[in-house]
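First the structure, in the form of structure tokens, and then the observations on it.
Residue numbers (the numbering used here), protein chains in the order written: chain X, 1041 to 1415; chain S, 153 to 608.
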């Protein structure tokens, strides 16, 4: 459960099919600051502690600086690196979150969460059931690939971010495409937000966002005041304040509800003083939004940093299949029974989800001939 | 005539007037230059086709030079019957560089009817010193003379078409131009833009050049070069108080806050000059001024909307007997405003109405976004509940043309919106706003335009 306490939802600004909802923090967090490191356009390779390797286009990293005693921290200066563009170089990072100095950690935004999603039951079948190929048992799901869109590819996003008018004290932004929540971004301090606002264009966005951004233009929420109830200018002012509260409430309880409920499985990535960096995976339920992401909270659970990625329907399906399989020890008939389908149908679903190469076709054809479970 | 048709026609014309006052076909905060240009050209074609007489009469309004040139071009190209006197008067008010550009455009489009030639001839005949034009706008004048089949007498013709035929020119400026090719001292007798080329050719150090050319600078050049000259230790002696108000405001906004304060007396003096005899006559005025992020404009119109708002602030201060300017960001020090933050127009209008002014002016691009549409609701409730007789005169002035809507963005149907480019036209624009209420027909508007045309 993500807690937006301390962040106030302000009126949305729309551009094309995109709706941008600013979050304002009246009391900024001073002892944790974020700053960007801009990398070039080359692909990056991250070596992970479990000897696996994560390869992705990573345009920038964040550096979190904090102080142990609650004194204000300074945002680390932005570093630009330039490289000649003749050859594609590959940047190698060690670990997703890595300490660069005392009280300073470098992490790769979104990739932290994305890697968590990709590594989901990455090891493959724990028991060598007959249905799985030898490769699936020995090598797991490797290589596991997911595609996302760069922010530049999302129609209107660049323009929407450019013309967006940042509120005083703004520390976050929720981005909607076709009124589906596409991404959430929260930082500790308004000055960090100002610096990091343009980096949203370099982020990854799911397939759904890419398609929804081409839909009908977003409409502003109509403001309607019943003038018969207004007796004085003071009344009118109260009414305006009530409308603003109403919008914030509507947004937090309806529009962003699925995001706040999204973290289902959490993992602590790094502890920095009183702050903890976590990444989370959703429940992969059907018919609701599934966001993966990472966030930093203080010891009382107050949100300091948040960045999420909206999974597309097929990504949700893959996540659901893998979690169900793992829950039943990768036993196909048991999983199929739990899902209420035949083994043959489950195998076809796995194939459509891109895991067909892990199954042995000769065993599956036996299922097709005799639909009753063999075990 | 059907009353409804009449109203719609008046609306069409006002829509065009607002566009022609505001847009310059340049990039705006939310529109590219391309979109602005396309949208504007469509409007020109539409109004020219449907209301040819009104189209020409627009020249009597304070339409900006870009649109005035476009109107004259279209009138001459399509041979629309129009008042030649009106065209000549508008051309006389335009900057010569733009007129020469218009003439060249007419040449490129192959527009060479008798009226065009007569207009070029008369305009050139009215120039105070054609030799100065020959030096400063050499290719422009040459093109115009050729295109209009004019015969320039004596050395001017030689200067333009055969500069090496003469050993010596009688006119000092022409002679200076000839000598400047080899004589460094002659460079300083030429207009700045021409001298700059010669200075580069002779390799004159920039500091020395600025120092000696300073007396030859025009008023706007001295303002434009003020900073770069100061970097070389040269004072261009710009007479700030004589500058156009909005230029001065834009210049002030381009300086760091610490330096701006020294410009405040000049801004007040310029505002007082513009206000003239109207000073102190406007009663209790409250202005809601937009300093949201969008008032930054675009890299080509840098801080233009904010400069317009700032200039309006000083002008209204001079015009009103009691005045309060409310900035959207809540800034209390107008000279230190910065284009930053959202546009909570509704709340600020509410604050303004609470002051019970005689007049409320709203200077904003109309993108009310915190929350969107609140300004319209506040104005509607105000008019229906508290002020049905419209005792408080409310006018929305919009410095930005919205290419998609083909007009300046409106705040509310109960409040007239007019475009604004130069705050010096503010009194005339507030007058025009009475037509923008949707109650006046085209015939009344036509009469107003005729009256304006005759007044000049």
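Don't be surprised by glycine CBs; every beta carbon is placed ideally from N, CA and C.
Express the C-alpha separation of residue 385 of chain S and residue 1123 of chain X in angstroms, rounding to a whole number.
Low confidence applies to residue 1123 of chain X: its pLDDT is 36, below 50, so where it sits in the model is not reliable, and the reading given next is rough at best. Cα to Cα, residue 1123 of chain X sits roughly 39 Å from residue 385 of chain S.
Kindly indicate if chain X contains any beta-carbon less than 8 Å away from that of residue 558 of chain S.
no
Along the chain, which unbroken stretches of the alpha helix (DSSP H) at least 4 residues long are found entirely within the stretch 1179–1253 of chain X?
1197–1203, 1230–1236 and 1247–1252
Just checking: is the beta-carbon of residue 180 of chain S within a distance shorter than 8 Å of some beta-carbon in chain X?
no
Spatial neighbours of residue 586 of chain S in its chain, beta-carbon cut-off 8 Å, leaving aside the 5 residues before and after:
568 and 592
Taking the continuous alpha helix (DSSP H) assigned at residue 519 of chain S, which residues delimit it?
Segment: none, residue 519 of chain S is in no alpha helix (DSSP H) and carries neither H nor E.
Determine the burial state of residue 1059 of chain X: buried for a count of at least 16 other Cβ atoms within 10 Å of its Cβ, exposed for fewer.
buried
Taking only beta-carbon atoms, is residue 451 of chain S less than 8 Å away from chain X?
no
Residues of its chain near residue 197 of chain S, where Cβ-Cβ distance is below 7 Å and the 5 sequence neighbours each way are ignored
none
How close, in whole Å, do the beta carbons of residue 1242 of chain X and residue 1099 of chain X come, if the pair is a contact with beta carbons under 8 Å?
4 Å
Roughly how many angstroms separate the alpha carbons of residue 1127 of chain X and residue 1235 of chain X, rounded to a whole number?
Residue placement at residue 1127 of chain X is poorly supported in this model, since its pLDDT is 40, which falls under 50; the coordinates still yield a value, given next. Whole-angstrom Cα-Cα distance: 30 Å.
Three-state secondary structure (DSSP) at residue 1309 of chain X?
strand
Short-range partners of chain X found in the stretch 537–550 of chain S, where Cβ spacing is below 8 Å
537 and 538
Pairs of beta-carbons, one from the stretch 1303–1317 of chain X and one from the stretch 1329–1341 of chain X, closer than 8 Å: are there three or more?
yes
Residue 316 of chain S: buried (16+ other C-beta within 10 angstroms of its C-beta) or exposed?
exposed
Below 8 Å on the Cβ atoms is my contact criterion, and I expect residue 397 of chain S with residue 437 of chain S to pass it. Report the Cβ-Cβ distance as a whole number of Å.
17 Å between Cβ atoms; not a contact.
Would you call residue 1443 of chain X buried or exposed, if buried means 16 or more other Cβ atoms sit within 10 Å of its Cβ?
Chain X is shown from 1041 up to 1415; residue 1443 of chain X falls before or after that span and cannot be answered.
At what residues does the alpha helix (DSSP H) containing residue 413 of chain S begin and finish?
No alpha helix (DSSP H) contains residue 413 of chain S, which DSSP labels as neither H nor E.
Put residue 176 of chain S into one of helix, strand or coil per three-state DSSP.
coil
Spatial distance of residue 1247 of chain X from residue 1345 of chain X (CA atoms):
24 Å
Residues of the stretch 1272–1290 of chain X with Cβ closer than 8 Å to any Cβ of chain A, in chain order
The chain labelled as chain A is not found among the protein chains of the depicted structure, namely X and S.
Contact under 8 Å by Cβ, residue 1375 of chain X with residue 1386 of chain X
yes
I'd like to know whether the C-beta of residue 1339 of chain X is nearer than 8 Å to at least one C-beta of chain S.
no
In chain order, what residues of the same chain have a beta carbon less than 8 Å from the beta carbon of residue 1364 of chain X, not counting five sequence neighbours either side?
1375, 1378 and 1379
Please confirm if the stretch 1083–1098 of chain X is in contact with the stretch 1220–1239 of chain X, defined as three or more CB-CB distances below 8 Å between the two stretches.
no
Specify the secondary structure class of residue 432 of chain S as computed by DSSP and reduced to three states.
coil
Can you name the start and end residues of the beta strand (DSSP E) that residue 1103 of chain X belongs to?
1100–1106
Is residue 509 of chain S buried or exposed, if buried means 16 or more other CB atoms sit within 10 Å of its CB?
buried
Kindly indicate the opening and closing residues of the alpha helix (DSSP H) around residue 1156 of chain X.
1151–1158
Measure from the C-beta of residue 1171 of chain X to each C-beta in chain S and report whether the shortest distance is under 8 Å.
no
I'd like to check one pair, residue 1232 of chain X with residue 1075 of chain X: are the Cβ atoms closer than 8 Å?
yes
Contact under 8 Å by Cβ, residue 1253 of chain X with residue 1194 of chain X:
yes
Would you tell me roughly how many angstroms separate the C-alpha atoms of residue 1120 of chain X and residue 1192 of chain X, rounded to the nearest one?
Legend: pLDDT at residue 1120 of chain X = 34, less than 50; position of this residue unreliable, no value from coordinates given.
Please classify residue 1120 of chain X: does DSSP put it in a helix, a strand, or coil?
Any reading at residue 1120 of chain X needs caution, since the residue's pLDDT is 34, under 50, leaving its predicted position unreliable; the model's value is listed next. Three-state DSSP puts residue 1120 of chain X in a strand.
Please report the straight-line C-alpha distance between residue 322 of chain S and residue 549 of chain S, rounded to a whole angstrom.
52 Å
Let me know if residue 1117 of chain X comes out buried or exposed under the rule of 16 or more other beta-carbons within 10 Å of its beta-carbon.
Any answer about residue 1117 of chain X is weak, because its pLDDT of 40 lies below 50 and its placement is not dependable; what the coordinates show is given next. Exposed, by the Cβ-count rule.
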